[in-house]
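Undergrad:
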Amino acid sequence: MKVLAATIASLALIASSAQAEETKAMPTSKSMLTREDVRMVAPALDKYTQDRLLGEVWKRPGLSVRDRSIVTLAALIARNQTIEMPAYFNLALDNGVKPQEISEIVTHLAFYSGWANAMSAVAVAKDVFAERKIGTDQLPPASGALLPLDEAAEAQRAERVGQQFGAVVPGVVQYTTDVLFRDLWLRADLVPRDRSLVTVSALIANGQVAQLTPHPQ
Amino acid sequence: MKVLAATIASLALIASSAQAEETKAMPTSKSMLTREDVRMVAPALDKYTQDRLLGEVWKRPGLSVRDRSIVTLAALIARNQTIEMPAYFNLALDNGVKPQEISEIVTHLAFYSGWANAMSAVAVAKDVFAERKIGTDQLPPASGALLPLDEAAEAQRAERVGQQFGAVVPGVVQYTTDVLFRDLWLRADLVPRDRSLVTVSALIANGQVAQLTPHPQ
Amino acid sequence: MKVLAATIASLALIASSAQAEETKAMPTSKSMLTREDVRMVAPALDKYTQDRLLGEVWKRPGLSVRDRSIVTLAALIARNQTIEMPAYFNLALDNGVKPQEISEIVTHLAFYSGWANAMSAVAVAKDVFAERKIGTDQLPPASGALLPLDEAAEAQRAERVGQQFGAVVPGVVQYTTDVLFRDLWLRADLVPRDRSLVTVSALIANGQVAQLTPHPQ
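Going down the list, the protein sequences come from chains A, B and C. If you count by this note's numbering, then the first sequence holds residues 0 to 216, one letter each, in order. If you count by this note's numbering, then the second sequence holds residues 0 to 216, one letter each, in order. If you count by this note's numbering, then the third sequence holds residues 0 to 216, one letter each, in order.
Here you go:
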């Protein structure tokens, strides 16, 4: 598991940037930094970005560009890397991630990466949404119909977590059940498979490997 | 210990934000982000913030709002989450944390979370202090009378740390004794119990569980 | 190893700031924060910075001020501590770190600390370089002649990494060989010893102790 984590981590973090430029695979996206800025400090970094990151990693067949955008956004939010966020929010929208999915990713990570990281993402995303005229009509409701719960699997999870942590921090166990697994994970605008992708990416990005086991993709 | 750490961590991080709004429990505080900003990106996040975080977690009886403010500030500084800091510095002052205590928290965390994180906190706090007309007369002196040292406990700690680390990094051991335990921890304007709260919160916020054992609350 | 890591970590992080002021050891450097700013929030922090950090740690004989600048830059970039970066980029240049070495440090850490952290460093360094009129003629080429490879040592490394990770993430293993050890580490404008210093400092700054073993200084 540790091996898996460490290595996927490398991949996830290698994937954590792209000075978005016009390429066939990735339409124009706005960034605070231009390629010229990068070349004024590190011409080699610009070359690695173009050749290896955008030219190779992003084009590997194992993960779609939409999913790579989700993984990258999760890593950026998990590590509070705000400078690169505008480019990647735009790139995610260009790559087919829907505004309501971005909204849910930010909300989801408030619980897994810390509330303040989600708020930093809000501070960036609101400008991206405004520039692209994405209004609240394209966002998920604060509360809405939830996906059906797998009661048996949830009972097993709750028992396992209760046994591990219940004696020490019953409050956390209760919130994990009530807010996370009977509410957040069932919100309809981001499918469970994508919530797993987001969660695993965020945990790996911060090296939180101990929490990875219950979150297989 | 790992269980304790992981779960307290969840709690600490869940507690790491509050779009400060007028509620009876928490007076007005300034924030760079408004509730409207949050709703323009993630209406659900705003609802969780209001209902679960401000409406429930912050009102749990196990920890006072003053102490929750200290824990939250420590987590924000430890993770360099500057965007949320203005709101939480103000909230801490509203909740009864004194300017000299905030000053000591920032100084304390220079040693535990890295000097640069403390400097980021300074960059935010100086504006909060200026707006609230908190002058240097309300701050602790650079050097002042220290609290009495428990020589026996300190001798034990120094011996334990010396045995563990002395052969590899004697310089760190010496600084740990001279600067941390015979100076910083004895500064009078933040009581030892609160220094423990700050230290444990910062270590948990960064997942530094290996250092938690010697810092029981 | 854990002991070594933890303690060096303390040292590295203690070293992670200096409100650069005129002293004989360290010429003037620009900083967003002034000493006066620090004193308006935490007079004790200013005193510790002057007496202990600049007055003692930076003057310890075990590591030159040039190397301390490299270690500190690596820690700042690894932890995305942008607020202190302008002062430390300037200080590094004042302490004899060459522009092409800074360029290589930023590029190197894209792979070890995440691409987005390198891009944050670019955003700061480009202004520092512009102010000091450091042009692209002083930067390393995007591609150039590489240092000779120790084929035997590299074969051992590749075999060890292949055995550990090859079955799980062959893509990462291939990139580790092709991009890191047969390219990045051989770039001529930062000597291998300094790349080790940068890598170890960055890993320690983020508590990534599992990766330290193969990177002895």
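All residues carry an ideal CB built from backbone N, CA and C; glycine is no exception.
1) With a cut-off of 8 Å, do at least 3 Cβ pairs link the stretch 166-185 of chain C to the stretch 76-89 of chain C?
2) When the Cα of B/Ala41 is compared with those of A/Leu138, A/Asp193, A/Gln207, which residue comes out closest?
3) Using 8 Å for Cβ pairs, my map puts A/Val105 next to A/Ala91. What's the rounded Cβ distance?
4) Can you name, in chain order, every residue of its own chain whose Cβ lies under 7 Å from the Cβ of C/Gly165, other than the five neighbours on each side?
5) Give me the subset of the stretch 115-133 of chain A whose CB atoms are less than 7 Å from a CB atom of chain B, sorted by chain position.
6) Determine which residues of the stretch 29-52 of chain B have a Cβ less than 8 Å from any Cβ of chain A, and write them out in chain order.
7) Counting only Cβ pairs nearer than 8 Å, list the residues of chain B close to C/Ile82.
8) Starting from A/Lys46, trace the alpha helix (DSSP H) both ways and give me its first and last residue.
9) Let me know if A/Arg59 comes out buried or exposed under the rule of 16 or more other beta-carbons within 10 Å of its beta-carbon.
10) Kindly list the residues whose CB is nearer than 8 Å to the CB of A/Ala187, restricted to its own chain and excluding five residues on each side of it in sequence; keep chain order.
11) Using a Cβ cut-off of 7 Å, pull out every chain B residue sitting near A/Ser142, in sequence order please.
12) Considering only DSSP beta bridges, list what B/Arg186 is partnered with.
13) Which runs of the alpha helix (DSSP H) fall wholly inside the stretch 101-149 of chain B and span at least 4 residues, in chain order?
14) Do B/Met84 and B/Ala117 have their C-beta atoms closer together than 8 Å?
15) Does C/Leu138 come within less than 8 Å of chain A when only Cβ atoms are used?
16) Rounded to the nearest angstrom, how far is the Cβ of B/Val37 from that of B/Thr48, given a contact under 8 Å?
17) Please classify B/Glu21: is it buried, with 16 or more other beta-carbons within 10 angstroms of its beta-carbon, or exposed?
18) Taking 8 Å as the threshold (beta carbon to beta carbon), is B/Gly170 in contact with chain C?
19) Do you know how far the Cα of A/Ala109 is from the Cα of B/Thr27?
20) Please list, in chain order, all residues of the same chain as A/Ala209 whose beta carbon is under 6 Å from its beta carbon, the five residues on each side excluded.
21) Return no unless some Cβ of chain C is closer than 8 Å to the Cβ of A/Gly54.
22) Have a look at C/Ala122 and A/Gly54 and give me their C-alpha separation to the nearest angstrom.
23) Could you list which residues in chain B have their beta carbon closer than 9 Å to that of C/Arg59, in chain order?
24) Starting from C/Ala86 and walking both ways along the alpha helix (DSSP H), at which residues does that stretch end?
25) In angstroms, rounded to a whole number, what distance separates the CA positions of A/Leu52 and A/Ala141?
26) Do you know offhand how far B/Lys46's Cα is from B/Leu32's?
27) Below 8 Å between beta carbons: does that hold for C/Leu189 and C/His107?
28) Would you call C/Pro98 buried or exposed, if buried means 16 or more other Cβ atoms sit within 10 Å of its Cβ?
29) Leaving out five residues before and five after A/Ser102 in sequence, what residues of the same chain have Cβ atoms less than 6 Å from its Cβ?
30) Between the Cα of A/Tyr111 and the Cα atoms of A/Met39, A/Ala43, A/Tyr174, which residue gives the shortest distance?
31) Using 8 Å as the limit for Cβ to Cβ distance, is A/Gln210 near chain C?
32) Taking the alpha carbon of C/Trp114 as the reference point, which residue from A/Ile82, A/Gln162, A/Arg192, A/Ala152 has its own alpha carbon closest?
33) Can you name, in chain order, every residue of its own chain whose Cβ lies under 6 Å from the Cβ of C/Phe128, other than the five neighbours on each side?
34) Under 7 Å Cβ-Cβ, which residues of chain B neighbour C/Leu75?
35) Go ahead and label B/Ala43 buried or exposed: buried means 16 or more other beta carbons lie within 10 angstroms of its beta carbon, across all protein chains shown.
TA: For this structure:
1) Too few Cβ pairs lie closer than 8 Å, so no.
2) For the purposes of this step, residue 41 of chain B is taken as residue 42 along the second sequence, with counting starting at 1. Minimum Cα distance to B/Ala41 is reached at A/Leu138.
3) Here residue 105 of chain A corresponds to residue number 106 of the first sequence, with the count starting at 1. Here residue 91 of chain A corresponds to residue number 92 of the first sequence, with the count starting at 1. Contact flag wrong, Cβ pair sits at about 11 Å.
4) Taking the first residue of the third sequence as 1, we reach residue 165 of chain C at position 166. For C/Gly165, same chain residues with a beta-carbon under 7 Å away, outside a window of 5 residues either side, are Val172 in chain order.
5) The residues in question are Ala115, Asn116, Ala117, Met118, Ser119, Val121, Ala122, Ala124, Lys125, Phe128.
6) Of all residues in the stretch 29-52 of chain B, only Met31, Leu32, Asp36, Val37, Arg38, Met39, Val40, Ala41, Pro42, Ala43, Leu44, Asp45, Lys46, Tyr47, Thr48, Arg51, Leu52 come within less than 8 Å of chain A when Cβ atoms are compared, listed by chain position.
7) Against the third sequence, residue 82 of chain C aligns to sequence position 83. Correct list: Thr81, Ala115, Met118, Ser119, Ala122.
8) Translated into positions along the first sequence, residue 46 of chain A becomes position 47. According to the DSSP assignment, A/Lys46 belongs to the alpha helix (DSSP H) that extends over 42-47.
9) One-based indexing of the first sequence puts residue 59 of chain A at position 60. Its Cβ having fewer than 16 others within 10 Å, A/Arg59 is exposed.
10) If you number the first sequence from 1, residue 187 of chain A lands on position 188. The answer, listed in chain order, is Pro139, Gly143, Ala144, Leu145, Leu146.
11) Sequence index remark: in the first sequence, residue 142 of chain A carries index 143 (1-based). Close partners of A/Ser142 in chain B (Cβ separation under 7 Å): Lys46.
12) For this step, residue 186 of chain B is matched to residue 187 along the second sequence. DSSP lists B/Leu145 as partners of B/Arg186.
13) Runs of the alpha helix (DSSP H) lying entirely within the stretch 101-149 of chain B and spanning at least 4 residues, in chain order: 114-130.
14) Residue mapping note: residue 84 of chain B aligns to position 85 of the second sequence, counting from 1. Residue mapping note: residue 117 of chain B aligns to position 118 of the second sequence, counting from 1. The beta carbons of B/Met84 and B/Ala117 sit no closer together than 8 Å.
15) To locate residue 138 of chain C, count along the third sequence from 1; it is residue 139. True, the Cβ-Cβ gap to chain A drops below 8 Å.
16) The residue given as residue 37 of chain B occupies position 38 in the second sequence. The residue given as residue 48 of chain B occupies position 49 in the second sequence. The C-beta distance from B/Val37 to B/Thr48 rounds to 7 Å, short enough to fall under 8 Å.
17) Residue mapping note: residue 21 of chain B aligns to position 22 of the second sequence, counting from 1. Because B/Glu21 sits at a pLDDT of 33, beneath the cut-off of 50, its placement in the model cannot be relied upon, and the following sentence gives the value as read from the coordinates. Sixteen is the threshold: since fewer than 16 other Cβ atoms of the shown chains lie within 10 Å of the Cβ of B/Glu21, the residue is exposed.
18) As a position in the second sequence, residue 170 of chain B is number 171, starting the count at 1. Yes, contact with chain C.
19) Sequence index remark: in the second sequence, residue 27 of chain B carries index 28 (1-based). Sequence index remark: in the first sequence, residue 109 of chain A carries index 110 (1-based). Confidence at B/Thr27 is low in this model, with a pLDDT of 34, below 50, so the placement of that residue is unreliable and no value is reported for it.
20) The count along the first sequence starts at 1 and reaches residue 209 of chain A at position 210. Only residues of its own chain outside the window of five on either side were considered, and among them none has a CB closer than 6 Å to the CB of A/Ala209.
21) Counting from 1 along the first sequence, the entry for residue 54 of chain A is found at position 55. No, A/Gly54 does not count as interfacial toward chain C.
22) Residue 122 of chain C sits at position 123 when you count from the first residue of the third sequence. Residue 54 of chain A sits at position 55 when you count from the first residue of the first sequence. C/Ala122 and A/Gly54: Cα-Cα distance of roughly 23 Å.
23) Position 60 of the third sequence holds residue 59 of chain C. Per Cβ cutoff of 9 Å: Gly170.
24) As a working note, residue 86 of chain C is residue 87 in the third sequence. Unbroken alpha helix (DSSP H) run through C/Ala86: 84-93.
25) In the first sequence, residue 52 of chain A corresponds to position 53, counting from 1. In the first sequence, residue 141 of chain A corresponds to position 142, counting from 1. CA-to-CA, the gap between A/Leu52 and A/Ala141 works out to about 37 Å.
26) On the second sequence, residue 46 of chain B is found 47 positions in, with the first residue counted as 1. On the second sequence, residue 32 of chain B is found 33 positions in, with the first residue counted as 1. Going by C-alpha positions, B/Lys46 is about 15 Å away from B/Leu32.
27) Here residue 189 of chain C is taken as the residue at index 190 of the third sequence, counted from 1. Here residue 107 of chain C is taken as the residue at index 108 of the third sequence, counted from 1. Judged by beta-carbon spacing, C/His107 lies within the 8 Å limit of C/Leu189, meaning their Cβ atoms are closer than that value.
28) Numbered from 1 along the third sequence, position 99 holds the residue referred to as residue 98 of chain C. Burial call: buried.
29) Locating residue 102 of chain A in the first sequence gives position 103, where the first residue counts as 1. Correct list, in chain order: Leu138, Pro139.
30) In the first sequence, counting from the first residue as 1, residue 111 of chain A sits at position 112. Closest by alpha carbon: A/Tyr174.
31) Here residue 210 of chain A refers to the residue found at position 211 of the first sequence. Under the 8 Å criterion on CB atoms, A/Gln210 is classed as non-interfacial with respect to chain C.
32) The residue you call residue 114 of chain C lines up with position 115 of the third sequence. Comparing Cα positions, the closest option is A/Ile82.
33) Here residue 128 of chain C refers to the residue found at position 129 when the third sequence is read from its first residue. Excluding positions up to five away in sequence, the list is empty.
34) Start at 1 with the first residue of the third sequence, and residue 75 of chain C comes out as number 76. Neighbours of C/Leu75 in chain B, taken as residues whose beta carbon is under 7 Å from its own, are Ala115 in chain order.
35) Here the question's residue 43 of chain B lines up with position 44 in the second sequence. It is buried - the Cβ of B/Ala43 has at least 16 other Cβ atoms within 10 Å.
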